[in-house]
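Numbering (this note's numbering), first residue to last: -10 to 673. By construction, the Cβ of each residue, glycine as well, lies at the ideal position given by its N, Cα and C atoms. Here the structure is a predicted model, which is why all the values come from computation and not from measurement. These notes concern the structure reproduced below.
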């Protein structure tokens, strides 16, 4: 019985942290229509700032909390809403998600620059004092955590239903334009909501860091992933259900882990003996992910509330096959020339960028054409690399085919729970899947023995690609072929269905199009391309480790692909080369600029609010406009200069000059023209 009570107390404390974080997600989403993927990153940043004030500078804990929770965090949240998220109001859901993810990545990269890893410890409140509750010892920090969650629940309830400002915020939730017509200020309400949401993220981060006793970048940042399931149970709008979901999540996680076998390994299933036992050491952090998928399966189909009429500014021209055939040949030729003139290190770095460009190309039909979003491209790439490493050693061509097919099947299974719902739910499902792969799959000895896996390079038709120079040519050729395939899809019937689904899902449903099957097909296609790219990426590295395919590794891939221009295959090439520049070449050539370029993907993603078309489309548009202006100027210079003397415009204009011009133009022959001119000017 005492063991059960201990697990219950631990679950309630965990639930309290999840509830605080999830309530912040709900408050910001319901007032702005933007799901804050950076909630965990905000909490991580606040925990480090609190450590700076309390431990490094020796401030009293109450004063440090007051400054962080009621001054810095709300000010930061209000500024973020005013200068970033308000600018993307009315844009597509993809842009909103990508900008939010960009902010997550930016903060996640910024904090390690400001606070390099140094084993920082953060004591809990009143540590090491404890309270005896029967046979259970509970720390004061745990009691304060539960009390804080109760205060947040009651405080939000009273604020939203008992105060004038709270009622105004709820009015924005119900109908933003109508609230504005009745004298409300939706902008101010959203700003306040983001201030509250950021403060709650800061509180959750500080409570979690104090509970763990130390500061760690990844666990604090991924706190928001664990809060997804609680927010989903509340349907992103119901705070009581959100707190109930957090309680279910915390208790379920505690009981599930507490009653696992002590060795936490599975040696066999249904009589089949594994060569390497499956470790369950990562099952506790994976429980929220499993619950999230269960919630997505049982949620009824519904449309996630938008934020009014969209004012999409996307311009995505239909590509031509001829252009990309010529461009593909030019790309392969350029890769061969680069391999001959560049050093071996640079060739390998550009080869990694080209392999990542193939992975980014998987996002073009999914995000660019279909308007759906995946935050797990590197997870699918990891599956392709694992299949290639385990089954492609004897026959590399068979390994590539198997990697593509297996990844497509896994992608379809991942997409199934969220296909009935909106793009936001699909993004959440893929993010949760990526974290699950981090914690439960890629770190298994059965998948990657000794934490690494050798991946062979393909040998096609007797031709070996062992050198980096020849492998770069192969990667360029594969990119060109897949790009041509994607262009053919865009110009075909399936591409038109994808574009229609992205433009108006309601109209597609009215016309009888099967959107569920369309989403399933495009997601399987995207996963297949990512799996192929992952197998080739593993071949470029020759050996891969689990950290190559973490969830946080997927973020710059998505951000650079979208920043390059997710509606064009050239955007994927731009993203791959930008990745090689930011993460491989610059740190090697200019180490002093490394930190600046690590922030670049986040900054590029944040800028999408002003430039949703991406860099490639904007460059192409500017080139077309410049060419048109040059042609217009050239055509203008070829025209004869007007005879100003003959028209009477070279000197002062007189009445006789007017009559002469009228005669030249034939106006004096019009009936009644002379009488019209004779009238006063106001009576004409």
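query	result
Residues bridged to residue 128 [DSSP beta-bridge criterion]	119
Assigned exposure category for residue 106 - 16 Cβ within 10 Å defines buried	exposed
Span of the alpha helix (DSSP H) around residue 488	482 to 492
Reference residue 435; option with closest CA among 379, 28, 313	379
Nearest-angstrom Cβ-Cβ length linking residue 339 and residue 461, presumed shorter than 8 angstroms	6 angstroms
Inside the region 31 to 108 only - alpha helix (DSSP H) runs reaching at least 4 residues	50 to 56, 62 to 69, 82 to 103
Three-state secondary structure assigned by DSSP to residue 110	strand
Straight-line Cα distance separating residue 214 from residue 610	38 angstroms
Alpha carbon of residue 427 to alpha carbon of residue 272, nearest angstrom	11 angstroms
Residue 307 burial status per 10 Å Cβ neighbour count (16 or more: buried)	exposed
Cβ-based neighbour list, residue 494, same chain, cut-off 7 angstroms, excluding 5 preceding and 5 following	504
Of the listed residues 361, 392, 182, nearest to residue 419 (C-alpha basis)	361
CA nearest to the CA of residue 180, picked from 234, 65, 145, 92	65
Among 613, 275, 126, 197, nearest to residue 429 - alpha-carbon criterion	275
Buried or exposed by the 16-neighbour rule on C-beta atoms within 10 Å, applied to residue 354	buried
Between the CA atoms of residue 185 and residue 154 - distance to the nearest angstrom	13 angstroms
Status (buried if at least 16 other CB within 10 Å, exposed otherwise) for residue 8	buried
Candidates 146, 425, 363, of which the one nearest residue 90 by Cα	363
For residue 31 and residue 190, believed in contact at Cβ under 8 angstroms, the rounded distance	4 angstroms
Local Cβ density within 10 Å of residue 49, reported as buried at 16 or more and exposed below that	exposed
Range of the contiguous alpha helix (DSSP H) that encloses residue 348	333 to 350
Run of the alpha helix (DSSP H) containing residue 183, from where it starts to where it stops	175 to 201
Residues that DSSP places opposite residue 255 in a beta bridge	267
Among 21, 600, 396, the one whose alpha carbon lies nearest that of residue 553	600
Limits of the alpha helix (DSSP H) - the one that residue 581 falls within	Neither: residue 581 is in no alpha helix (DSSP H) and is coded neither H nor E.
Contact between the region 561 to 578 and the region 92 to 108 (3+ Cβ pairs under 8 angstroms)	no
Bridge partners - residue 532, DSSP secondary structure assignment	443
Nearest neighbour of residue 425, chosen from 441, 369, 319 [CA to CA]	369
Supposed contact pair residue 98 and residue 587 - C-beta distance, whole angstroms, cut 8 angstroms	5 angstroms
Classification of residue 545 by the beta-carbon crowding that lies within 10 angstroms, buried from 16 upward	buried
Limits of the alpha helix (DSSP H) - the one that residue 600 falls within	Note, residue 600: premise wrong, no alpha helix (DSSP H); not H, not E.
Three-state class that DSSP yields for residue 133 in the structure shown	helix
Whether residue 487 touches residue 471 by CB criterion (8 angstroms)	no
Cut-off 8 angstroms between Cβ atoms - residues of its own chain near residue 558, not counting five sequence neighbours on either side	308, 313, 350, 353, 472, 475, 476
Own chain, CB closer than 8 angstroms to residue 536, minus 5 neighbours either side, in chain order	542
Distance between beta carbons of residue 268 and residue 539, contact taken as under 8 angstroms	So it is not a contact: roughly 17 angstroms between Cβ atoms.
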